[in-house]
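Those letters in the sequence shown? Residues 1 to 401, by the UniProt record's numbering.
Following: one structure in structure tokens, then a few remarks.
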Amino acid sequence: MDMMPFEPTPTPQPKRRGRFVSWLAASVAGAVIGSAATWYVAPKWIYGETHSQTEAAETTAKSEVLPLQPTANVKTNMIDAINKVADAVVGVVNIQKQVDFFSDQAQDTEAGTGSGVIFKKEGNVAYIVTNNHVIEGANKVEVALPNGKKVNAEIVGADALTDLAVLKIPAEGVTNVASFGDSSKVKIGEPVAAIGNPLGLDLSRTVTEGIVSGKRTMPVSTSAGDWEIDVIQTDAAINPGNSGGALINSAGQVIGINSMKIAETGVEGLGFAIPSENVKPIVEQLMKDGKIKRPYLGVQLVDVADLSDEVRADELKLPSNVTYGAAITSVEPFSPAADAGLKSKDVIVAINGDKIDSVSALRKYLYTKTSVGDRIKLTIYRDGFETTVSVTLKARDSSQS
1 MDMMPFEPTP
11 TPQPKRRGRF
21 VSWLAASVAG
31 AVIGSAATWY
41 VAPKWIYGET
51 HSQTEAAETT
61 AKSEVLPLQP
71 TANVKTNMID
81 AINKVADAVV
91 GVVNIQKQVD
101 FFSDQAQDTE
111 AGTGSGVIFK
121 KEGNVAYIVT
131 NNHVIEGANK
141 VEVALPNGKK
151 VNAEIVGADA
161 LTDLAVLKIP
171 AEGVTNVASF
181 GDSSKVKIGE
191 PVAAIGNPLG
201 LDLSRTVTEG
211 IVSGKRTMPV
221 STSAGDWEID
231 VIQTDAAINP
241 GNSGGALINS
251 AGQVIGINSM
261 KIAETGVEGL
271 GFAIPSENVK
281 PIVEQLMKDG
291 KIKRPYLGVQ
301 LVDVADLSDE
311 VRADELKLPS
321 NVTYGAAITS
331 VEPFSPAADA
341 GLKSKDVIVA
351 INGDKIDSVS
361 ALRKYLYTKT
371 SVGDRIKLTI
381 YRDGFETTVS
391 VTLKARDSSQ
401 S
């Protein structure tokens, strides 16, 4: 399958099979840590208003950073819907330092472009949501406004695992703020439009139209770890540069942030957006803390299913019927795992009685079903015997990477 990543994105690294030493060295990609880094989709997936109807809802909306508005009984046509949102979609330019070959001096170079959506204007500043991979690695970020003016942007926060980031810019020149709808109400077959900057700023605020083709959960590989992401599938054309742009409904509300597509010869109309219901909590925490606080174990892991029978039997001493789980390759000193006595070559097969068959499953359980401070019970295999270990989860310290 051909890979055509949205700008900028790293090259996926294949998993390796073999002896314990090999998977120990390769296990950094399986670390259960909360650090921020660029995501990519592998091996198959790549980058790529109405008022509240009750007084109580209005009060709640005013207190929220990114309120989701109801969409019932809205009959706006798509042209009007697009006009509502278009001026809230901006270009995002990733600028990085690169050394000139001839002068041997570092200079600012445009490393890639993407899109973003203005979701809040407050006083003299405005806030933009975009994809993490659009701004990853930048030493400076610029935002191109609909009037053509470029302004410097500050990164408020970013999260690699969910591929979302929040930027802050001066409010001068911002004329429109997008309204976000509730993606949980989106129906398959509903008309949608994608707005963004495909292939760069020369084609800024390009609009493509289609329908909601489906709602999916897809496995993705990120440099913050493996993950499963909920997405809205659409046949509206999404191209490199559309990353971070708006997927809107016929009410002129943003129901998703365009993020990726499938790029393969003979394949068309398979684009994906992060649903607004998932965008909302991430954006609100990034606005508050600048990062996403997740429970932290402090181990590096590898999927047992990716190891050879020889490694499972000789190195991990697993029973022949245990071919799943997350094997620990190293334990960070002074981490929750270290405090609980977890060791290298321990294999985690359950958390609080729920089966864990992979690193991705372990991470998703921790990040969606537990909180910092929780005490969890891990079922593990050690030296061929099943046992349980209790671990008190902590938040990752900002000084840890």
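Ideal Cβ placement from N, Cα and C applies to all residues, glycine included.
Quiz item: If we ignore side chains and look at the alpha-carbon of each, how far apart do Val389 and Lys377 end up?
Solution: The alpha-carbon atoms of Val389 and Lys377 are separated by roughly 6 Å.
Exercise. State whether the region 162-177 contacts the region 116-131, with contact taken as three or more CB pairs (one from each stretch) at a distance under 8 Å.
Key: Under the three-pair Cβ rule at 8 Å, the region 162-177 counts as touching the region 116-131.
Quiz item: Who are the Cβ neighbours of Tyr365 in its own chain at under 7 Å, not counting the five residues just before and after it?
Solution: Excluding positions up to five away in sequence, the list reads Ile351, Asp354, Ile356.
Quiz item: In chain order, what residues of the same chain have a beta carbon less than 7 Å from the beta carbon of Ala273, not counting five sequence neighbours either side?
Solution: Cβ-Cβ distances below 7 Å link Ala273 to Val231, Ile232, Thr234, Leu247, Gly256, Ile257, Asn258, Ser259 in the same chain, with the five nearest sequence neighbours on each side left out; the list follows chain order.
Quiz item: Given a threshold of 16 other Cβ atoms within 10 Å of its Cβ, counted over all protein chains shown, does Ser179 qualify as buried or as exposed?
Solution: The Cβ neighbour count for Ser179, taken over all protein chains shown within 10 Å, is at least 16; the residue is labelled buried.
Quiz item: Got a sec: is the Cβ-Cβ distance from Phe119 to anything in chain D below 8 Å?
Solution: Absent from the structure is chain D; it holds one protein chain and no more.
Quiz item: Going along the chain, which residues of its own chain have a beta-carbon closer than 7 Å to the beta-carbon of Glu190, five neighbours each way excluded?
Solution: Cβ neighbours of Glu190 beyond the five flanking positions: Ile211, Val212, Asn249.
Exercise. Using the Cα positions of Ala106 and Lys215, report the straight-line distance between them to the nearest angstrom.
Key: Going by the C-alpha atoms only, they are around 45 Å apart.
Quiz item: Below 8 Å between beta carbons: does that hold for Val99 and Ser115?
Solution: By the CB criterion at 8 Å, Val99 and Ser115 fall outside the cutoff.
Quiz item: Candidates Gly252, Ile348, Gly196: which alpha carbon is nearest Leu316's?
Solution: Looking at the Cα atoms, Ile348 is the closest of the given residues.
Practice problem: Report the rounded CA-to-CA distance for residue 443 versus Asp202, giving the unit in angstroms. | Solution: With the chain running from 1 to 401 in the structure shown, residue 443 is simply not present.
Self-check item: Ala111 beta carbon less than 8 Å from that of Ser148
Solution: The question names Ser, but residue 148 in the sequence shown is Gly. For Gly148 and Ala111, no; Cβs fall outside 8 Å.
Quiz item: Which class does Pro219 belong to by DSSP, given the choice of helix, strand or coil?
Solution: The answer is strand: DSSP assigns Pro219 an E or B state.
Quiz item: Exposed or buried, which one is Gly244 when buried takes at least 16 other CB atoms within 10 Å?
Solution: So Gly244 ends up on the buried side.
Quiz item: Among Ile188, Lys187, Thr208, which has the Cα closest to the Cα of Asn197?
Solution: Put simply, of Ile188, Lys187, Thr208 the residue whose alpha carbon is nearest the alpha carbon of Asn197 is Thr208.
Self-check item: CA nearest to the CA of Leu145, picked from Glu172, Ala305, Ser360, Lys120
Solution: Ranking the options by Cα distance to Leu145, first place goes to Glu172.
Practice problem: Report, in whole angstroms, the separation of the C-beta atoms of Lys84 and Asp108, which I expect to be a contact under 8 Å. | Solution: Going by Cβ atoms, the distance from Lys84 to Asp108 rounds to 35 Å, so no, they are not a contact pair.
Quiz item: What number of angstroms, rounded off, separates the C-alpha of Glu142 from the C-alpha of Ile82?
Solution: The straight-line gap from Cα to Cα measures roughly 24 Å.
Quiz prompt | Residues bridged to Gly256 [DSSP beta-bridge criterion] | solution = According to DSSP, Gly256 bridges with Pro275.
Quiz item: For Ala301 versus Ala337, is the C-beta spacing smaller than 8 Å?
Solution: For the record, residue 301 in the displayed sequence is Leu; it is not Ala. Not closer than 8 Å, so no.
Exercise. Quick one: which unbroken alpha helix (DSSP H) runs of 4-plus residues sit fully inside the region 80-161? Chain order, please.
Key: Whole alpha helix (DSSP H) segments, 4+ residues: 132-135.
Quiz item: So what does DSSP say about residue 420, is it helix, strand or coil?
Solution: No answer is possible for residue 420: the residues shown for the chain start at 1 and end at 401.
Practice problem: May I have a chain-ordered list of the alpha helix (DSSP H) segments no shorter than 4 residues that lie completely inside the region 282-351? | Solution: If we require 4 residues or more, the alpha helix (DSSP H) runs fully inside the region 282-351 come out as 336-340.
Quiz item: Grouping DSSP H, G and I as helix and E and B as strand, with all else coil, what is Lys364?
Solution: Three-state result, Lys364: helix.
Self-check item: Inter-residue CB distance, Gly200 and Gly241 (contact presumed, cutoff 8 Å)
Solution: That belief holds up - the Cβ atoms of Gly200 and Gly241 are roughly 6 Å apart, short of 8 Å.
Quiz item: In whole angstroms, what is the alpha-carbon distance linking Gly290 and Val151?
Solution: Approximately 21 Å, taken between the alpha carbons.
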